[in-house]
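Just below is one structure, and these are the notes that go with it.
2 protein chains.
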Amino acid sequence: MNNNVNYPNNAGTVNNPNNAGNVNNPNNPNDPNANKVDNTARINAIAKEFVNYYYQTFDADRKNLAALYRPMSMMTWEGVQLRGGEAIIEKLASLPFQKVGHKITTTDAQQSLPHVNALVIMVTGQLLVDEETKPQQFSQTFQLVEDNGFFVYNDVFRLNYA
Amino acid sequence: MNNNVNYPNNAGTVNNPNNAGNVNNPNNPNDPNANKVDNTARINAIAKEFVNYYYQTFDADRKNLAALYRPMSMMTWEGVQLRGGEAIIEKLASLPFQKVGHKITTTDAQQSLPHVNALVIMVTGQLLVDEETKPQQFSQTFQLVEDNGFFVYNDVFRLNYA
Numbered sequence: 001m002n003n004n005v006n007y008p009n010n011a012g013t014v015n016n017p018n019n020a021g022n023v024n025n026p027n028n029p030n031d032p033n034a035n036k037v038d039n040t041a042r043i044n045a046i047a048k049e050f051v052n053y054y055y056q057t058f059d060a061d062r063k064n065l066a067a068l069y070r071p072m073s074m075m076t077w078e079g080v081q082l083r084g085g086e087a088i089i090e091k092l093a094s095l096p097f098q099k100v101g102h103k104i105t106t107t108d109a110q111q112s113l114p115h116v117n118a119l120v121i122m123v124t125g126q127l128l129v130d131e132e133t134k135p136q137q138f139s140q141t142f143q144l145v146e147d148n149g150f151f152v153y154n155d156v157f158r159l160n161y162a
Numbered sequence: 001m002n003n004n005v006n007y008p009n010n011a012g013t014v015n016n017p018n019n020a021g022n023v024n025n026p027n028n029p030n031d032p033n034a035n036k037v038d039n040t041a042r043i044n045a046i047a048k049e050f051v052n053y054y055y056q057t058f059d060a061d062r063k064n065l066a067a068l069y070r071p072m073s074m075m076t077w078e079g080v081q082l083r084g085g086e087a088i089i090e091k092l093a094s095l096p097f098q099k100v101g102h103k104i105t106t107t108d109a110q111q112s113l114p115h116v117n118a119l120v121i122m123v124t125g126q127l128l129v130d131e132e133t134k135p136q137q138f139s140q141t142f143q144l145v146e147d148n149g150f151f152v153y154n155d156v157f158r159l160n161y162a
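Protein chains in written order, with full-length UniProt numbering: chain A, 1 to 162; chain B, 1 to 162.
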């Protein structure tokens, strides 16, 4: 898996992850864990870049997330199932707030199935919309698949109500 | 994808999902949405069965979750990465509580990649341990893969702190 994540509009940033030095260390072929360790670091680096890019873009102008989705992409937004980038962006753009800010609490990532360049990410965090002062907790799960950079294949979003 | 989920120790229940009648309706081959609709219902039925079984088993005796994991299964538990059913069950068994009860708030599921019988599930809910009276919010993501029934390939768990 290539750890360069070629997001549109932000290529300068995402092609220079801060921890590229770590994830590109050559494996020791005599160490049975070398590949595993390296892959874990790489998966985590991709997830971190993606999550930073995703929520920064969401908060700046969420219509610009369109390039991350494909016609086969799925999103379940508060239980509403959507298919395809067009439907997903239409839904996101229609959400009834003007300003939004996401604050990420945790990002956990794992390699998805062994025979595809894909990863599963779960994010937990808080978001504030418009003039509200009490943040709402949210959880979001992504599966990213590599195909000339990574796109979002699965996306599930939920607010967490106490 | 076969919608019978052959969990150990609970086969009687999980082989008779309440909504089997819905998910087994034959598709109309002239309806381009028939497969999609049917597949969504089936994915949701499998997810619901799995989630019910998983948390009931967790709350009754979490060591019995061993049969859901394989040597290649991954779990990230509050940021700790584990690989393989043995390590995962050892971690779950070592958690410092005797009694635990999970209450599921939401279960969202999507077909994973198109060429495998796999699904991604995100669960949000609350849990209570031992004598505590204030529930803790949690989020958990699974990827299930079919291979003589479904096993857990990816598993990410997080408590949601306000």
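C-beta atoms are modelled at their ideal positions from N, C-alpha and C, and glycine is treated no differently.
At the level of alpha carbons, what is the spacing between residue i and residue j?
i                    : j                   : result
valine 129(B)        : leucine 119(A)      : 31 Å
aspartate 147(B)     : serine 73(B)        : 13 Å
arginine 47(A)       : leucine 144(B)      : Note that residue 47(A) is alanine in the sequence shown, not arginine. If I take the Cα positions, the gap works out to 20 Å.
lysine 134(A)        : histidine 115(B)    : 43 Å
phenylalanine 150(B) : glutamate 132(A)    : 43 Å
histidine 102(B)     : alanine 87(B)       : 22 Å
threonine 57(B)      : alanine 60(A)       : 43 Å
asparagine 117(B)    : lysine 91(A)        : 28 Å
alanine 66(B)        : phenylalanine 97(A) : 45 Å
alanine 109(A)       : isoleucine 89(A)    : 24 Å
tyrosine 69(B)       : valine 152(A)       : 26 Å
residue 170(B)       : asparagine 154(B)   : The structure shown does not extend to residue 170(B), since chain B spans only 1 to 162, so no value can be given for it.
alanine 45(B)        : tyrosine 55(B)      : 16 Å
glycine 125(A)       : glycine 125(B)      : 15 Å
In chain order, what residues of the same chain lie with their CB nearer than 6 Å to the CB of residue i, ignoring the 5 residues before and after it?
i              : result
valine 156(A)  : Thr76, Thr141
proline 71(B)  : Gly84
arginine 62(B) : Leu92
residue 172(A) : One cannot answer for residue 172(A) here, as it falls past the ends of chain A, which runs 1 to 162.
For residue i, which residues of its own chain have a beta-carbon under 8 Å away from its beta-carbon, when the five flanking residues on both sides are left out?
i             : result
valine 51(B)  : Ile104, Thr107, Ile121, Val123
leucine 82(A) : Met74, Met75, Thr76, Ile88, Lys91
So, is residue i buried or exposed, given that buried needs 16 or more other C-beta atoms within 10 angstroms?
i                : result
glutamine 137(A) : buried
leucine 159(B)   : exposed
valine 80(A)     : exposed
glutamate 78(A)  : exposed
tyrosine 161(B)  : exposed
serine 139(A)    : buried
leucine 127(B)   : buried
alanine 93(A)    : exposed
asparagine 28(A) : For asparagine 28(A), the predicted structure reports a pLDDT of 43, less than 50, and the residue's modelled location is therefore unreliable. The matter cannot be settled from this model.
asparagine 25(A) : Note on asparagine 25(A): pLDDT 33, under 50, position unreliable in the model; the coordinate value appears next. Exposed is the call here.
Can you name, in chain order, every residue of its own chain whose Cβ lies under 7 Å from the Cβ of residue i, other than the five neighbours on each side?
i                : result
glutamine 111(B) : Asn39, Ile43, Leu119
lysine 99(B)     : Val129, Asp130
proline 32(A)    : Only weak support exists for where proline 32(A) lies, its pLDDT of 45 falling under 50; the value from the coordinates is given anyway. So no residue of the chain qualifies.
Under 6 Å: does the beta carbon of residue i sit that close to some heavy atom of the ligand SAH?
i                : result
threonine 105(A) : For the ligand SAH, the structure offers nothing, since it holds no ligand at all.
Which runs of the alpha helix (DSSP H) at least 4 residues long sit entirely within the UniProt domain "NTF2" (46-159) of chain B? Give them in chain order. The qualifying runs are 85-94.
Got a sec: which bits of the segment 77-96 of chain A sit with their beta carbon under 9 Å from any beta carbon on chain B, in order along the chain? Within the segment 77-96 of chain A, the residues whose Cβ lies closer than 9 Å to any Cβ of chain B are, in chain order, Glu78, Gly79, Gln81, Arg83.
Could you name the residues of the segment 94-115 of chain A whose beta carbon sits closer than 9 Å to any beta carbon of chain B, in the order they occur along the chain? Cβ contacts with chain B: Thr105, Thr106, Asp108, Ala109, Gln110, Gln111, Ser112, Leu113, Pro114, His115.
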